[in-house]
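If you're matching them up, the sequences are chains A and B in order.
Using our numbering, the first residue of the first sequence is number 90, and each one after it goes up by one.
Using our numbering, the first residue of the second sequence is number 50, and each one after it goes up by one.
For each residue, glycine too, the CB sits at the ideal point set by N, CA and C.
This report refers to the structure that appears directly beneath it.
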Amino acid sequence: MTDPAGISLRAVSKIYRGRGKPIEALKDMNLECAPGSFTALIGPSGCGKSTVMRIALGLESHDEGDVQIAGQSSKSATAKGVTGVAFQDAALLPWRSVQSNIAVPLEVLGRNPREYRDQIAHLIELVGLKGYEKSLPGQLSGGMRQRVSIARSLITSPAVLFMDEPFGALDQIRRRQMNVELQRIWLESKCTALLVTHGIDEAVFLGDCVVVMHANPGRVVEVFEVPFARPRSQDLFSDPAFHALTDKIAKVLHGE
Amino acid sequence: MTSHFSKTLPVIGILLLVWEIVGRMDWIAGGALPGISEILIQLWKDRGDYPQHIWATVYASGLGFLIGNTLAVLAGMAFVLSPVLMRLARGVNIAIFALPPIALAPILVLTLSGMAPRVTLAALGVYFITMSATVIGLSQHDSRTADLVRAYGGGNWAIMRLVRLRGAIPDILSGLRIAAPNAVLGAILAEFGGGGRWGLGSYLLGSLGRGDPARLWGIGLIATVIAGLSYAIFAVVSGRVLGSTRSVSLNTALPPDDGGAGRSPAMHLLILTGTVVLPFIMWWAFIKLTGVPDMIAKTPIGVFDYLFLADASAIARGKLLEALGQTLPITAVGMIAGLVFAFLLAISSRMFPGFIRGFMPIALVTQTMPLVALTPLLVLILGRGYSLTLWITISVTFFPAFVLLVQGIQRVPQSVLDLPRAYGASAWKEMRMVSIPAALPYLFAATRLTVPRALLGVMIAEWLATGTGLGNLLNRSRGYLDYGMIWSVAAVSVMVSVALYYGVLAVERRTLTRLGMQTVE
Chain A
90 MTDPAGISLR AVSKIYRGRG KPIEALKDMN LECAPGSFTA LIGPSGCGKS
140 TVMRIALGLE SHDEGDVQIA GQSSKSATAK GVTGVAFQDA ALLPWRSVQS
190 NIAVPLEVLG RNPREYRDQI AHLIELVGLK GYEKSLPGQL SGGMRQRVSI
240 ARSLITSPAV LFMDEPFGAL DQIRRRQMNV ELQRIWLESK CTALLVTHGI
290 DEAVFLGDCV VVMHANPGRV VEVFEVPFAR PRSQDLFSDP AFHALTDKIA
340 KVLHGE
Chain B
50 MTSHFSKTLP VIGILLLVWE IVGRMDWIAG GALPGISEIL IQLWKDRGDY
100 PQHIWATVYA SGLGFLIGNT LAVLAGMAFV LSPVLMRLAR GVNIAIFALP
150 PIALAPILVL TLSGMAPRVT LAALGVYFIT MSATVIGLSQ HDSRTADLVR
200 AYGGGNWAIM RLVRLRGAIP DILSGLRIAA PNAVLGAILA EFGGGGRWGL
250 GSYLLGSLGR GDPARLWGIG LIATVIAGLS YAIFAVVSGR VLGSTRSVSL
300 NTALPPDDGG AGRSPAMHLL ILTGTVVLPF IMWWAFIKLT GVPDMIAKTP
350 IGVFDYLFLA DASAIARGKL LEALGQTLPI TAVGMIAGLV FAFLLAISSR
400 MFPGFIRGFM PIALVTQTMP LVALTPLLVL ILGRGYSLTL WITISVTFFP
450 AFVLLVQGIQ RVPQSVLDLP RAYGASAWKE MRMVSIPAAL PYLFAATRLT
500 VPRALLGVMI AEWLATGTGL GNLLNRSRGY LDYGMIWSVA AVSVMVSVAL
550 YYGVLAVERR TLTRLGMQTV E
């Protein structure tokens with residue numbers, strides 16, 4: 090049994106059987122995220138990195154192997170509110186206000202949102218949306234909507250946080266600002282985080298380690314430790330050591 | 050919207066003026082079309098009669114609307130949660146969509162009492178529209194938000210509650226809006242079928258023999274206003290709730306199902322059998338539940354017996370076939386004429402945009418009119434011959450087809466239209482390359498949509514006026530208390546309508562697949 094709040098995937102494989110040839114989305118996939126660590130999962134599109142997250146969340150089944158989230162099956166972990174999740178697009182319900190969108194996981198878990206009123210207010214402040222509690226998603230910018238989804242992913246005080254390219258839709262400048270903010274929020278929440286991304290900069294800036302995947306079949310090819318001290322600032326993006334590491338990862342990523 | 054209005058107002062004004070002059074001069078059919086002022090004066094004279102008639106119709110259609118839509122929304126939810134159930138109910142759904150209400154009216158009057166036939170027919174009129182709107186609304190949810198709910202351990206019901214239901218409200222509301230006039234139509238048609246002194250349908254029927262055109266037109270006007278108001282109420286409600294505009298055309302495509310993926314052939318066959326048999330089981334159960342004696346209420350077996358086994362079955366079959374031979378050709382001719390007319394007008398809409406802008410709102414208004422219930426008015430103008438049947442069929446086909454086609458053509462992106470023009474194509478060439486192919490899927494959808502309406506229109510005309518075909522056979526059998534024939538005509542007309550629907554669908558699928566196009570939902 091793994092440590093209570095970690096993520097552990099052992100020898101997981103997943104095959105899509107549709108029309109035509111079966112596709113090996115994941116083959117003998119291993120991933121260990123220590124409790125309290127920040128892991129960035131990076132790879133070309135179609136390498137199965139999102140599938141890893143979806144399997145870990147129990148949104149998809151796997152054919153072989155063992156998946157444990159905080160020492161239990163993904164089904165039991167999600168149903169207890171141990172996990173939090175943020176998707177590529179904010180996935181907000183357009184008819185609900187910011188605060189009411191943040192409460193959606195609570196309602197799914199059968200908890201009373203009113204008991205979380207202070208926490209919702211705190212999270213809205215944490216993501217810098219104070220004053221927008223009652224706004225509807227349609228009245229917010231893309232970056233603001235994404236911050237609502239980050240706040241929503243934290244409402245259950247998750248021990249394990251999953252993020253699938255949460256800033257994929259933002260421009261470079263907004264994205265770096267959000268990276269800094271996410272680091273701050275994560276340091277405060279002390280959870281285990283798994284970030285799926287296709288940005289090397291983002292992966293290195295945020296991760297304690299960067300896991301590189303390749304496609305056909307989807308598998309882990311190398312794991313890089315990231316040595317930079319926290320909290321990391323925007324200056325890191327122009328640090329030569331940062332670039333040396335991103336170059337190294339890029340080479341592995343592009344299969345050189 | 051204001052520009053629409055400014056284009057439409059003069060058109061309406063001119064029409065009203067022409068109407069008044071023509072009516073006052075008694076130019077049409079010796080005064081069958083009275084002037085507007087004459088109609089309004091007669092309305093004022095009859096003001097004492099109206100409240101009770103209006104109340105009876107509004108009450109029946111309101112209650113039917115409520116019951117039908119409640120069932121429709123619940124059914125829609127059940128179908129989305131269980132695709133197998135949706136497949137099983139497909140036969141029932143198609144039958145309800147395709148049934149000509151007039152064919153059911155006598156049956157309902159025989160088996161139910163009081164207001165129940167009217168309420169039932171009104172409910173049947175709204176069920177399919179709201180049910181399919183609900184299914185479509187519930188199916189088109191954001192898959193990411195559903196993933197979110199599932200990621201927190203939520204099941205299908207949690208997704209239904211948190212994501213799908215609220216997201217489906219715009220579709221359900223537009224379904225209710227289109228369904229509302231249908232409830233009024235259903236109630237009026239049940240009144241044609243007999244029973245009850247009060248109600249606008251009874252009033253219309255009762256006044257038909259008295260040769261007072263102004264009164265008939267007044268009743269038609271009131272019925273139209275009620276249907277239009279019911280539509281307008283929901284238009285305002287959905288406008289308030291959503292602040293969005295939606296297409297007013299009917300959705301005729303059955304909601305997609307799972308296509309039976311992953312099911313064994315035996316299971317497939319079982320479900321298919323269930324789909325076909327279920328409508329007949331419901332028919333049988335309806336009779337058993339109402340407890341009407343076998344002599345009056347015929348089960349499926351009873352109808353089979355009447356048509357194929359009983360001593361007089363050959364005579365009955367002969368009468369039925371003769372009636373079909375009269376009804377079907379005229380329905381086909383009228384439909385084709387209406388569709389061709391609508392198609393030509395719609396594809397040329399790019400050439401006369403001003404005319405279309407003015408005409409479109411009028412075409413939209415006709416969608417809310419109980420067109421087929423206004424048959425008595427057309428009887429006055431056109432007499433009781435074939436031209437009457439033909440005109441009714443053309444008008445009930447033309448308007449919905451035209452609306453659907455124009456909306457379809459308007460969906461063609463401007464860039465696609467600009468491309469041929471950028472290479473110097475003529476208007477005709479552009480039409481041939483873009484507008485006509487773009488309109489084709491909508492032409493098929495319109496055909497599917499109007500098959501039941503056309504059949505209904507023809508049957509009403511036959512019932513009230515021409516004395517031929519299925520409608521007349523139904524009406525006469527009512528008089529002779531020939532119960533077997535009443536049930537047979539009802540069953541056959543529903544089956545013919547379903548068969549026509551599937552016939553159009555088959556041609557549509559084949560043609561569009563060959564052209565690499567998608568069927569219009």
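Expressed to the nearest angstrom, what Euclidean distance is found between the alpha-carbon atoms of B:Asp307 and B:Ile345? Taking the second sequence and counting its residues from 1, one reaches residue 307 of chain B at position 258. Taking the second sequence and counting its residues from 1, one reaches residue 345 of chain B at position 296. Its pLDDT being 47, under 50, B:Asp307 is placed unreliably by the model, and the measurement read from it follows with that caveat. When only Cα atoms are considered, B:Asp307 and B:Ile345 end up about 41 Å apart.
Cβ shell of A:Gly137 (< 6 Å), same chain only, five flanking positions each side left out: Residue mapping note: residue 137 of chain A aligns to position 48 of the first sequence, counting from 1. Closer than 6 Å at Cβ, skipping near neighbours: Ala114, Leu115, Gly307.
Tell me which residues of the segment 214 to 242 of chain A have at least one Cβ-Cβ distance to chain B shorter than 7 Å, keeping chain order. The residues in question: there are none.
For the alpha helix (DSSP H) containing B:Phe146, name the first residue and the last one. One-based indexing of the second sequence puts residue 146 of chain B at position 97. Under the DSSP assignment, B:Phe146 falls in the alpha helix (DSSP H) whose first and last residues are 139 to 147.
Endpoints, beta strand (DSSP E) assigned at A:Lys103: Residue 103 of chain A sits at position 14 when you count from the first residue of the first sequence. Counting along the chain, A:Lys103 sits inside the beta strand (DSSP E) bounded by residues 96 to 105.
Can you tell which of B:Met480, B:Tyr435, B:Thr417 has its C-alpha closest to the C-alpha of B:Val445? Taking the second sequence and counting its residues from 1, one reaches residue 445 of chain B at position 396. Out of B:Met480, B:Tyr435, B:Thr417, B:Thr417 has the C-alpha closest to the C-alpha of B:Val445.
Short check: CB of A:Ile191 to CB of A:Val171, under 8 Å? For the purposes of this step, residue 191 of chain A is taken as the residue at position 102 of the first sequence. For the purposes of this step, residue 171 of chain A is taken as the residue at position 82 of the first sequence. Cβ distance not < 8 Å, so A:Ile191 and A:Val171 don't count as in contact.
Does the Cβ of B:Glu511 have 16 or more other Cβ atoms within 10 Å, making it buried, or fewer, making it exposed? Here residue 511 of chain B refers to the residue found at position 462 when the second sequence is read from its first residue. The residue is buried, with at least 16 neighbouring Cβ atoms inside 10 Å.
With burial defined as no fewer than 16 other Cβ atoms inside 10 Å of the residue's Cβ, what is the status of B:Leu64: buried or exposed? The sequence position of residue 64 of chain B within the second sequence is 15, counting from 1. Exposed: under 16 other Cβ atoms inside 10 Å.
Pick out whichever of B:Arg264, B:Ile156, B:Asn142 has its Cα sitting closest to the Cα of B:Trp536. The residue given as residue 536 of chain B occupies position 487 in the second sequence. Ranking B:Arg264, B:Ile156, B:Asn142 by Cα distance to B:Trp536 puts B:Ile156 first.
Taking only beta-carbon atoms, is B:Gly186 less than 8 Å away from chain A? Position 137 of the second sequence, counted from the first residue, corresponds to residue 186 of chain B. With 8 Å as the cut-off, B:Gly186 does not count as an interface residue toward chain A.
Give the straight-line distance between the Cα atoms of B:Leu134 and B:Met209, rounded to the nearest whole angstrom. On the second sequence, position 85 is the one that residue 134 of chain B refers to. On the second sequence, position 160 is the one that residue 209 of chain B refers to. Each residue's alpha carbon lies about 17 Å from the other.
Pick from B:Tyr491, B:Leu429, B:Met409, B:Met566 that is closest to B:Leu254, judged by C-alpha positions: Translated into the one-based positions of the second sequence, residue 254 of chain B becomes position 205. The candidate whose alpha carbon is nearest that of B:Leu254 is B:Leu429.
Hey, out of A:Leu284, A:Pro194, A:Glu121, A:Leu243, whose CA is closest to A:Gln177's CA? Your numbering for residue 177 of chain A matches position 88 in the first sequence. It is A:Leu284 whose Cα lies nearest to the Cα of A:Gln177.
Please compile the residues from chain A whose C-beta is within a distance smaller than 7 Å of the C-beta of B:Arg199. Locating residue 199 of chain B in the second sequence gives position 150, counting from the first residue. Near B:Arg199 (Cβ distances below 7 Å), the residues of chain A are Leu148.
C-alpha distance - B:Ala395 paired with B:Ala147, whole-angstrom precision: Here residue 395 of chain B refers to the residue found at position 346 of the second sequence. Here residue 147 of chain B refers to the residue found at position 98 of the second sequence. The straight-line gap from Cα to Cα measures roughly 26 Å.
So, do the segment 408 to 415 of chain B and the segment 214 to 225 of chain B have three or more beta carbon pairs nearer to each other than 8 Å? No, the segment 408 to 415 of chain B does not touch the segment 214 to 225 of chain B.
Taking the straight line between their C-alpha atoms, what separation do you get for A:Gly344 and A:Asn305? In the first sequence, the residue the question calls residue 344 of chain A occupies position 255. In the first sequence, the residue the question calls residue 305 of chain A occupies position 216. Straight-line Cα distance between these residues: approximately 13 Å.
Which chain B residues sit within Cβ distance under 7 Å of A:Ala168? If you number the first sequence from 1, residue 168 of chain A lands on position 79. Result: Gly202.
By alpha-carbon positions, which one of B:Pro402, B:Val233, B:Gly383 ends up nearest to B:Trp104? Here residue 104 of chain B is taken as the residue at index 55 of the second sequence, counted from 1. B:Trp104 has its Cα closest to that of B:Val233, out of B:Pro402, B:Val233, B:Gly383.
Pairwise C-alpha distance: B:Gly288 and B:Leu159: Working through the second sequence from its first residue, we reach residue 159 of chain B at position 110. Working through the second sequence from its first residue, we reach residue 288 of chain B at position 239. One C-alpha to the other measures close to 41 Å.
Backbone CA spacing between A:Ile96 and B:Val184 [nearest angstrom]: Position 7 of the first sequence, counted from the first residue, corresponds to residue 96 of chain A. Position 135 of the second sequence, counted from the first residue, corresponds to residue 184 of chain B. In this structure, the CA atom of A:Ile96 is about 39 Å from the CA atom of B:Val184.
Looking at the secondary structure, which residues open and close the alpha helix (DSSP H) in which B:Thr562 lies? Translated into positions along the second sequence, residue 562 of chain B becomes position 513. Counting along the chain, B:Thr562 sits inside the alpha helix (DSSP H) bounded by residues 532 to 563.
Neighbour list for A:Ala180 in chain B, Cβ cutoff strictly below 8 Å: Counting from one through the first sequence, the residue named residue 180 of chain A turns up at place 91. Counting only Cβ-Cβ distances below 8 Å, A:Ala180 has contacts in chain B at Asp191, Arg193, Thr194, Asp196, Leu197, in chain order.
Of all the CB atoms in chain A, is at least one closer than 8 Å to the CB of B:Leu211? As a first step, residue 211 of chain B is located in the second sequence; it is residue number 162 there, counting from the start. Between B:Leu211 and chain A, the shortest Cβ-Cβ separation is below 8 Å.
Would you say A:Ile274 and A:Val299 are within 8 Å of each other, going by their C-beta atoms? Locating residue 274 of chain A in the first sequence gives position 185, where the first residue counts as 1. Locating residue 299 of chain A in the first sequence gives position 210, where the first residue counts as 1. Annotated as distal: A:Ile274 and A:Val299, with beta-carbon spacing of 8 Å or more.
Is the shortest distance between the beta-carbon of A:Val285 and the beta-carbons of chain B less than 8 Å? Here residue 285 of chain A refers to the residue found at position 196 of the first sequence. So, not an interface residue.
Using CA coordinates, which residue listed in A:Asp290, A:Val341, A:Arg203 is at the minimum distance from A:Pro329? Along the first sequence, read from residue 1 onward, the residue named residue 329 of chain A stands at position 240. Across the set A:Asp290, A:Val341, A:Arg203, the C-alpha of A:Asp290 shows the shortest separation from the C-alpha of A:Pro329.
Do B:Ile320 and B:Arg136 come within 8 Å of each other at the CB atom, strictly closer than that value? Residue numbering aside, residue 136 of chain B sits at position 87 when the second sequence is read from its first letter. Residue numbering aside, residue 320 of chain B sits at position 271 when the second sequence is read from its first letter. Taking 8 Å as the Cβ cut-off, B:Arg136 and B:Ile320 qualify as a contacting pair.
Below 7 Å CB to CB, which residues in the same chain sit around B:Gly309 once its five sequence neighbours on both sides are set aside? The residue labelled residue 309 of chain B in the question sits at position 260 within the second sequence. Confidence is the limiting factor: at B:Gly309 the pLDDT is only 49, short of 50, which leaves the residue's position unreliable and the question unanswerable from this model.
Contact criterion: CB-CB distance below 8 Å. Does A:Trp275 meet it with respect to chain B? Here residue 275 of chain A refers to the residue found at position 186 when the first sequence is read from its first residue. No, A:Trp275 does not count as interfacial toward chain B.
Is the CB of B:Ala207 under 8 Å away from at least one CB in chain A? Taking the first residue of the second sequence as 1, we reach residue 207 of chain B at position 158. Closer than 8 Å to some Cβ of chain A, the Cβ of B:Ala207 qualifies, so yes.
Between A:Lys103 and A:His151, what straight-line distance do the alpha-carbon atoms span, to the nearest angstrom? For the purposes of this step, residue 103 of chain A is taken as residue 14 along the first sequence, with counting starting at 1. For the purposes of this step, residue 151 of chain A is taken as residue 62 along the first sequence, with counting starting at 1. If you take the alpha carbons of A:Lys103 and A:His151, they lie about 5 Å apart.
According to DSSP, is A:Ile158 part of a helix, a strand, or is it coil? Position 69 of the first sequence, counted from the first residue, corresponds to residue 158 of chain A. Three-state DSSP puts A:Ile158 in a strand.
Taking 8 Å as the threshold, find out whether the segment 179 to 193 of chain B comes into contact with the segment 142 to 150 of chain A through three or more Cβ pairs. When C-beta atoms of the segment 179 to 193 of chain B are compared with those of the segment 142 to 150 of chain A, fewer than three pairs fall below 8 Å, so the two segments do not count as touching.
Pull the bridge partners of A:Gly173 from the DSSP assignment, please. Sequence index remark: in the first sequence, residue 173 of chain A carries index 84 (1-based). DSSP lists A:Leu250 as partners of A:Gly173.
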